[in-house]
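Right, one structure below, let's go through it.
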Ligand SMILES: Cc1cc2nc3c(=O)[nH]c(=O)nc-3n(C[C@H](O)[C@H](O)[C@H](O)COP(=O)(O)OP(=O)(O)OC[C@H]3O[C@@H](n4cnc5c(N)ncnc54)[C@H](O)[C@@H]3O)c2cc1C
């Protein structure tokens, strides 16, 4: 009898798992993907949206025709939670039974992690398309009516790199609008040094970043904790108050509600602990991949930092999940990927990003032009077209047992 494999989430982790499984199983078992939307939203491009470089239709695509072609069923709904013992996915319409479950629901911004953080009121945000859209309008207004600018990442933030990219894009636009000398700019971060990215990335990029920030008179502060956000004011834990007419703060990211509220599924932050087969520790038929997975922090920092999650590490986990489920069902190799290895992949990604954004940039006279070019190069590597093409190719995974 055909087994039911249900995957929740159709972004980097869920989409990659579904396609890899379809290729491995050849219709021998049922694959169902559930997501609140069939559109794959390319989250990394949200950093570009507020500056008008990309539009929603440029950074998302409909997975339905692709799933149809591969014989994958898709259900568009919001999952409320899971019954782990009865093996059910709970949705408003019905409970969906599974033999194997893959949780690829990612994370969500935890605005409560910073007192007073009300997106759209006390800070602008780029953590979702809706927020990025509002930030885009606010940024346009800001360029017409500039004032003090604060960009940063709070204690426990997971995506520090998004703050740097936002900063570089902001600087580039300030320069284009001849506002660089008129706008006081602050960069505040919980990281112990610039470009640490929450994972101890290449410290040599830090010097390059410092040089650029100093050149543009950016007041930067590391190991900084935010006590409270107020309208037009950022209050730091040391009592310092920074006036701002526009701020964009990256908050902490935690697991989504459906995962956090299911008993015995995740830790208090809603992140799922898995073994090296990406299986839940207590439920071997439940797997997790992508940013929904808990990755322990290796080094303590003065102000706590979250571990950055990356698209590549999500895909690696997704492929491991697909191989391991397929191996269970039809035999064949399995993939082991300890979380420490996932951590290393995230670190490599961050080193790469640091190199693109900062290494050598300070040696160049027109460094902001270089930065814009560097960021575009990064974006090009992550373009949707490339992504769709690549997602049809299973890489040679040399760690198959
Ligand atoms: C602003 C920003 C910039 C970033 N830049 C980069 C970058 O430059 N490089 C990089 O590698 N990474 C970057 N990242 C991180 C990267 O986006 C994540 O690592 C990646 O998206 C994780 O993929 P995922 O599939 O695990 O989860 P997600 O992409 O978060 O996808 C989760 C999916 O699950 C669905 N879902 C969640 N809950 C439910 C529910 N209850 N019911 C139904 N569906 C649900 C969602 O709709 C979504 O489709 C960035 C992230 C942000 C926020």
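In the working numbering, the protein residues as written are 2 to 402.
C-beta: ideal position from N, C-alpha, C; glycine also.
| Check | Outcome |
| --- | --- |
| Determine the direct distance from the alpha carbon of residue 151 to that of residue 167, and round the result to whole angstroms. | 11 Å |
| Please classify residue 14: does DSSP put it in a helix, a strand, or coil? | helix |
| Whole angstroms is fine: what's the gap from residue 22's alpha carbon to residue 336's? | 13 Å |
| Considering only C-alpha positions, which residue in the set 289, 42, 206 is nearest to residue 130? | 42 |
| Is residue 62 helix, strand or coil by DSSP? | strand |
| Does DSSP classify residue 344 as helix, strand or coil? | helix |
| Touching or not, the segment 64–80 and the segment 27–37, by the rule of three or more beta carbon pairs under 8 Å? | yes |
| At the level of alpha carbons, what is the spacing between residue 53 and residue 141? | 9 Å |
| Out of curiosity, what's the CA-to-CA distance linking residue 117 and residue 30? | 49 Å |
| Express the C-alpha separation of residue 48 and residue 246 in angstroms, rounding to a whole number. | 19 Å |
| The alpha helix (DSSP H) that contains residue 325, what's its start and end? | 312–331 |
| Is there at least one non-hydrogen atom of ligand 1 closer than 6 Å to the beta-carbon of residue 315? | yes |
| Consult DSSP for residue 85 and reduce its assignment to one of helix, strand or coil. | coil |
| With 16 other CB atoms within 10 Å as the buried threshold, where does residue 352 fall? | buried |
| Pick out the complete alpha helix (DSSP H) segments inside the segment 83–148, 4 residues or longer, and give them in chain order. | 130–145 |
| Suppose contacts are defined by Cβ-Cβ distances below 7 Å. Is residue 156 in contact with residue 308 by that definition? | no |
| Please work out which residues of its chain come closer than 8 Å, Cβ to Cβ, to residue 340, disregarding the five sequence neighbours upstream and downstream, and give them in chain order. | 275, 277, 294, 295, 296, 297 |
| Would you call residue 402 buried or exposed, if buried means 16 or more other Cβ atoms sit within 10 Å of its Cβ? | Residue placement at residue 402 is poorly supported in this model, since its pLDDT is 34, which falls under 50; the coordinates still yield a value, given next. It counts as exposed. |
| Any idea if residue 2 is buried or exposed, counting beta-carbon neighbours within 10 angstroms, 16 or more meaning buried? | exposed |
| If contacts are defined as beta-carbon pairs under 8 Å, then residue 290 and residue 327 qualify, I think. What distance do you get, rounded to the angstrom? | Actually they do not touch by this definition, with Cβ atoms about 14 Å apart. |
| Return the chain-ordered list of same chain residues with a C-beta closer than 7 Å to the C-beta of residue 57, the five sequence neighbours on each side being excluded. | 130 |
| Shorter than 6 Å, the distance from the beta carbon of residue 36 to the closest heavy atom of ligand 1, or not? | yes |
| Decide if residue 248 is buried, meaning its Cβ has at least 16 other Cβ atoms within 10 Å, or exposed. | buried |
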